[in-house]
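Residue numbers (full-length UniProt numbering): 1 to 191.
Heads up: the structure comes next, in structure tokens.
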Amino acid sequence: MKNPFWKYAFLTAATMAVGVLLLTVTLHLFGENPFKEYEFMFMPIYFGLLVWGLFRYRKNVMKGYLEGWRAIGFGLVANFVAIILYCGLLYGFLRTVPEALERHQLEVDAYNITLRKVAKEHMEETEKLSTVLLDASETNDRITPAVMAVDKFFKMGAIGFVIVMVAGLFMMKRKPEVPENNIPIDSEKGY
């Protein structure tokens with residue numbers, strides 16, 4: 001790639017996607033469900049790797065300065081590519097290791113059973129709400145790797161957008177302004 005913007009954005013995106021996938025795999029290896037309690041634990045890793053990519057781009061390409069619009073544009077490109085890469089990698093992981101998804105499916109089924117019990121207990125108090133809860137718990141669709149990847153695509157897209165805005169403004173650094181005659185202003189003397 002001749003344009004360093006795309007090169008650094010794609011490298012940052014690949015690093016972000018692999019970093020989040022490594023977190024998911026690590027949580028699975030430790031016997032935890034990466035899709036429930038630890039679902040949003042990816043955010044600090046995502047933010048850190050995005051800031052690292054922005055820092056490298058600012059230092060190596062932009063000579064230490066980075067406008068806000070360019071930082072946010074870089075982040076949006078990196079975010080979009082990272083989400084697509086992560087969802088593809090997650091789909092591959094869940095297809096090769098179905099136990100990770102089965103554990104999550106068992107927890108969702110247990111939640112549906114609890115929801116059904118609570119809805120039946122409170123049927124006379126709030127009949128309309130209980131009916132809605134019973135209907136929701138009756139649809140017991142199986143979670144597939146494709147459904148999980150699409151779910152992550154939308155969640156990470158929304159959260160990643162906010163992370164990009166914060167990281168872009170955090171990494172912004174403007175060039176110092178120079179007057180028209182190119183003589184730096186002495187701040188102590190005022191001229």
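Positions of the beta carbon are idealized from the N, C-alpha and C atoms, including for glycine.
Going by C-alpha distance, which of the options is nearest residue i?
| i | options | result |
| --- | --- | --- |
| F161 | N112, L22, F30, V81 | V81 |
| I159 | N79, T24, K36, E32 | N79 |
| V40 | Y91, G68, G157 | Going by the sequence as given, residue 40 is Phe instead of Val. Comparing Cα positions, the closest option is G157. |
| A146 | H28, E32, Y91 | Y91 |
| M171 | A71, I84, H104, F154 | A71 |
| P98 | W6, E177, M148 | M148 |
| A100 | C87, F35, A14, L11 | F35 |
| T24 | L94, G68, Y57 | L94 |
| R103 | E37, L76, L54 | E37 |
| L49 | G64, L11, K117 | L11 |
| V20 | F47, L106, R174 | F47 |
| K152 | K2, L89, T26 | L89 |
| E154 | L29, K117, I84 | One point to set straight first is that residue 154 is Phe, not Glu, in the sequence displayed. Here the closest residue by C-alpha is I84. |
| Y57 | I143, K7, F42 | K7 |
| H28 | G168, T96, Y65 | T96 |
| V51 | T15, Q105, T126 | T15 |
So for residue i, helix, strand or coil by DSSP?
| i | result |
| --- | --- |
| K173 | strand |
| residue 192 | Absent from the model: residue 192. The displayed extent of the chain is 1 to 191, so no value can be given. |
| T96 | helix |
| F30 | coil |
| K36 | coil |
| M41 | coil |
| R56 | helix |
| T126 | coil |
| R142 | coil |
| V81 | helix |
| N112 | helix |
| K2 | coil |
| Y191 | For Y191, the predicted structure reports a pLDDT of 49, less than 50, and the residue's modelled location is therefore unreliable. A value from the coordinates is still provided. Y191: coil per DSSP, three-state reduction. |
| V51 | helix |
Exposed or buried, which one is residue i when buried takes at least 16 other CB atoms within 10 Å?
| i | result |
| --- | --- |
| P44 | exposed |
| P4 | exposed |
| F74 | buried |
| V166 | exposed |
| A9 | buried |
| V150 | exposed |
| A17 | buried |
| Y86 | buried |
| Y111 | exposed |
| G53 | buried |
| I113 | exposed |
| F30 | exposed |
Quick one: what's residue i bridged to in DSSP?
| i | result |
| --- | --- |
| L11 | None, per the DSSP bridge assignment. |
| L22 | Its beta-bridge partners do not exist; DSSP assigns none. |
| residue 197 | In the structure as shown, the chain starts at 1 and stops at 191, and residue 197 therefore has no counterpart that could be examined. |
Is residue i near the ligand NAD, judged by its Cβ being under 7 Å from some heavy atom?
| i | result |
| --- | --- |
| I45 | Inclusion of the ligand NAD in the displayed structure is not the case, the ligand content being empty and no account of it being possible. |
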